[in-house]
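In this note's numbering, the protein residues as written are 1430 to 1686. Notes follow the structure.
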Amino acid sequence: MRYYVLTLFPDMIQEAMRHSILGRAQEDGKIKLETVNIRDFSHNKQMHVDDAPYGGGAGMVMQAPPVYEAWESVVSRIGHKVPVVFMTPAGKVFNQQKAKELSVYPELIFLCGHYEGIDQRVIDEIVTEEISIGDYVLTGGELPALVVMDAVSRMVPGVLGNETSAIDESFSGMYLEYPQYTRPPEFHGQAVPEVLLSGHHENIRKWRLEQSMRITEAKRPELLKPELMSKEELKLYRKLQQEKEEANKKEANKKEL
Ligand code: SAM
1430 MRYYVLTLFP DMIQEAMRHS ILGRAQEDGK IKLETVNIRD FSHNKQMHVD
1480 DAPYGGGAGM VMQAPPVYEA WESVVSRIGH KVPVVFMTPA GKVFNQQKAK
1530 ELSVYPELIF LCGHYEGIDQ RVIDEIVTEE ISIGDYVLTG GELPALVVMD
1580 AVSRMVPGVL GNETSAIDES FSGMYLEYPQ YTRPPEFHGQ AVPEVLLSGH
1630 HENIRKWRLE QSMRITEAKR PELLKPELMS KEELKLYRKL QQEKEEANKK
1680 EANKKEL
């Protein structure tokens, strides 16, 4: 996977991508990262790339020509067009499914806005996809681009040491991940669940599935889709529904008393 990031703050991107799994993935050549400083394409001596909005209003707007030329510097060098992801609070909200979709491309360009945003004309001309990382407004697109690159990179073959870890975890299937434990076996009087020490793989698998379903039911019930469940999952799901109904009845009885 090759990322090109068009930004006013290249150091922010480079620094954050230098560490841990993403740093190692770059050393191993699984990921290549190139940042392009939009300011290098400024048209004035002061190196400004923003101006006041037409029609008035607060703040400044990033100008179209430097953004366009930063993008052009990439596509003219590599000789072909690449999907351009504009990070914007007005985009479609990012999720694991979108990370998977983006991970199939060999190359991606990220465009990071700043100030009040970017002149619409260049967005219309070069952007292929608009992505938001949530319903809140940040000062710039760098953190959002990093969030997306992090999630996408984990889907790139060979980036995670253990390929199964991306399959098991939250949002990869229908369920949130089961709780994890490591040494020591006892912490502040709390022991690790017995089954995890048993070495019985089938019992551990069943226990993890049940925990995943319980956690999903408690925290994100809308993720549970009975119509997509296996027989085993459906049986567990019904058990959880029954438990819930019984708990609700008990609660209602308590209130009546
Ligand atoms: N005036 C813009 C609006 O109301 O949509 C907000 C501009 S914001 C201060 C500056 C830049 O930060 C945006 O151009 C975008 O690149 C980035 N940004 C801010 N919040 C974001 C979010 N939730 N998701 C993705 N990008 C975001």
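For glycine and all other residues, C-beta sits at the position ideal for the given N, C-alpha and C. Because the structure is a prediction, the values reported are computed rather than measured.
Asked	Found
Within its chain, find whatever has a CB closer than 8 Å to the CB of residue 1649; leave out the 5 residues flanking it on each side and keep chain order.	1605
Between residue 1441 and the ligand SAM, is there a pair consisting of the residue's CB and a ligand heavy atom that are separated by less than 7 Å?	no
Quick one: is the Cβ of residue 1478 within less than 7 Å of any heavy atom of the ligand SAM?	no
Under the rule that 16 or more other beta-carbon atoms within 10 Å means buried, what is residue 1645, buried or exposed?	buried
Would you call the CB atoms of residue 1535 and residue 1658 closer than 8 Å?	no
Let me know if residue 1469 comes out buried or exposed under the rule of 16 or more other beta-carbons within 10 Å of its beta-carbon.	exposed
Any residues whose CB sits closer than 5 Å to a heavy atom of the ligand SAM? List them in chain order?	1516, 1517, 1518, 1542, 1545, 1546, 1561, 1562, 1566, 1567, 1569, 1570, 1573
Short of 7 Å in beta carbon distance, which residues of its chain neighbour residue 1617, apart from the five on each side in sequence? Order them along the chain.	none
Taking one C-beta from the region 1444-1458 and one from the region 1475-1486 each time, how about it: are there three or more such pairs within less than 8 Å?	no
Could you spell out where the alpha helix (DSSP H) holding residue 1473 opens and where it closes?	Residue 1473 -> no alpha helix (DSSP H), and no H or E assigned at all.
Are the region 1507-1518 and the region 1554-1562 touching by the rule of at least three beta carbon pairs closer than 8 Å?	yes
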